[in-house]
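A.B. asks: Take the position in the sequence shown, starting the count at 1, then add 143; the result is the number in the numbering used here. Pasting a structure below so you can have a look.
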Amino acid sequence: MKAKIIGLFVLLLCVQWLFAQNTDTEQKIIQLSKDKWLWMADKNVDELSKLFHPKAEFVHMGGHWGTERELSIIKSGGIWYKKANIHEVSVNIIDNTAILLNRIDLLAEVGGNEVTNPFEVTEVYIKQNGTWKLGSLSFTRLMTPGGH
Numbered sequence: 144m145k146a147k148i149i150g151l152f153v154l155l156l157c158v159q160w161l162f163a164q165n166t167d168t169e170q171k172i173i174q175l176s177k178d179k180w181l182w183m184a185d186k187n188v189d190e191l192s193k194l195f196h197p198k199a200e201f202v203h204m205g206g207h208w209g210t211e212r213e214l215s216i217i218k219s220g221g222i223w224y225k226k227a228n229i230h231e232v233s234v235n236i237i238d239n240t241a242i243l244l245n246r247i248d249l250l251a252e253v254g255g256n257e258v259t260n261p262f263e264v265t266e267v268y269i270k271q272n273g274t275w276k277l278g279s280l281s282f283t284r285l286m287t288p289g290g291h
């Protein structure tokens, strides 16, 4: 009986540890996303180039393209992601992939015009060699502010 109680206690500790690890990973992904928004606002392509996977895909209202073009657009100011007001965030971890959803209001300058749009943003991160890389960033424009 004593061995069963000790075994149950150890099992509960292991389950608790597994949930704590997942939460730590989720928090790391959320922080990476927040950092990404700041780096985009600052046009910090040096940090972004470390985060973006070389084969990443970026989907915008005006089309889609790869990492090299996204970095070029950010650096030149073709799209200036001035501020992302994040309203909701969720993360789902599947093996070495993290899917983050952000509901945001994005203040941006596009082609010299300042615009604000409500978006649901999907970010896909892939863990390679112990490092999380952004593999996809996709903007879905919501019909109304606040997503209602």
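Each residue gets a CB set at the ideal place from its N, CA and C atoms; glycine is no exception.
#1: Determine the contact status of L194 and K179, defining contact as a CB-CB distance below 8 Å.
#2: Going straight from the alpha carbon of G255 to that of I236, what length do you get?
#3: Mind checking whether I216 and I222 have CB atoms under 8 Å apart?
#4: Verify whether the separation of the beta carbon atoms of A199 and G209 is less than 8 Å.
#5: With a 10 Å radius around its C-beta and 16 neighbouring C-beta atoms as the bar for buried, classify I183 as buried or exposed.
#6: Report the three-state DSSP secondary structure of D189 (helix, strand or coil).
#7: Quick check on the burial criterion: 16 or more other C-beta atoms within 10 angstroms. Buried or exposed for K276?
#8: Here's a check: name, in chain order, each residue in its chain whose Cβ is nearer than 8 Å to the Cβ of K186, leaving out the five neighbours to either side.
C.D. replies: Judging by the given coordinates:
#1: yes
#2: 38 Å
#3: yes
#4: yes
#5: As written in the sequence, residue 183 is Met, which differs from the Ile given in the question. That one is buried.
#6: helix
#7: buried
#8: I217, K218, G220 and W223
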